[in-house]
Amino acid sequence: GSAAKLIVDALLQRFLPLARRRIETAQAQDGQYLRPSDPAYEQVLDSLAMVARHTPVPLLEALLRWRESESPKGANDASTFQRKLAVECIFSSACIRFVECCPPEGITEKLWSGLENFVFDWLINADSPSEIGPFDSYVSESE
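The working numbering numbers the first residue of the sequence shown as 32 and each following residue consecutively.
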């Protein structure tokens, strides 16, 4: 458990600055952030995807926390919106990479359906994020 968490944390320390650079590049290039142009970033994603085979849950949770911390709050001008889109783009593509590597038994039914509901809520309420609960509320035991 704790060894896996240390590995996830170490890889995330490498992921964070690379993802941030990608967001800033996206803003500078007016949204051209979909092309995989950064080998270091791709390498970290590959490593994280390998970790996802063994410990998908802490990894997805860490990715959600990253998304929460990077997503701009407040003003809704064009540059803020563009940054938000860049964050969502990185978040979504990373999620897809990780989930593709997960063994089916690695992710509980609750986490799957929670992730699904979270994504649908996000798509429906993208303009009013206050309608979207924290991810934990989608996967908690109380439902």
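By construction, the Cβ of each residue, glycine as well, lies at the ideal position given by its N, Cα and C atoms.
Cβ shell of residue i (< 6 Å), same chain only, five flanking positions each side left out
i: residue 45; result: 75
i: residue 78; result: 42
For residue i, the three-state DSSP class (helix, strand or coil)
i: residue 54; result: helix
i: residue 36; result: helix
i: residue 107; result: coil
i: residue 60; result: coil
i: residue 174; result: Because the pLDDT of residue 174 is 38, which lies under 50, any placement of that residue in the model is unreliable, and the question is left without a value.
i: residue 134; result: coil
i: residue 124; result: helix
i: residue 102; result: coil
Residue environment, residue i, which counts as buried when at least 16 other CB atoms sit within 10 Å
i: residue 96; result: exposed
i: residue 118; result: buried
i: residue 127; result: exposed
i: residue 145; result: buried
i: residue 57; result: buried
i: residue 150; result: exposed
Distance cut-off 6 Å: residue i Cβ against heavy atoms of the ligand ZN
i: residue 125; result: This structure lacks the ligand ZN; in fact it carries no ligand of any kind.
Neighbourhood of residue i by C-beta, 7 Å cutoff - its chain only, sequence neighbours within 5 removed
i: residue 103; result: 111, 114 and 115
i: residue 49; result: 69, 71, 72 and 75
8 Å contact criterion, which residue i and residue j should meet: CB distance rounded
i: residue 133; j: residue 87; result: 4 Å
i: residue 122; j: residue 91; result: Actually they are not in contact, since the Cβ atoms of residue 122 and residue 91 sit about 10 Å apart, beyond 8 Å.
i: residue 94; j: residue 125; result: 6 Å
i: residue 53; j: residue 69; result: 7 Å
Limits of the unbroken alpha helix (DSSP H) element including residue i
i: residue 77; result: 70-85
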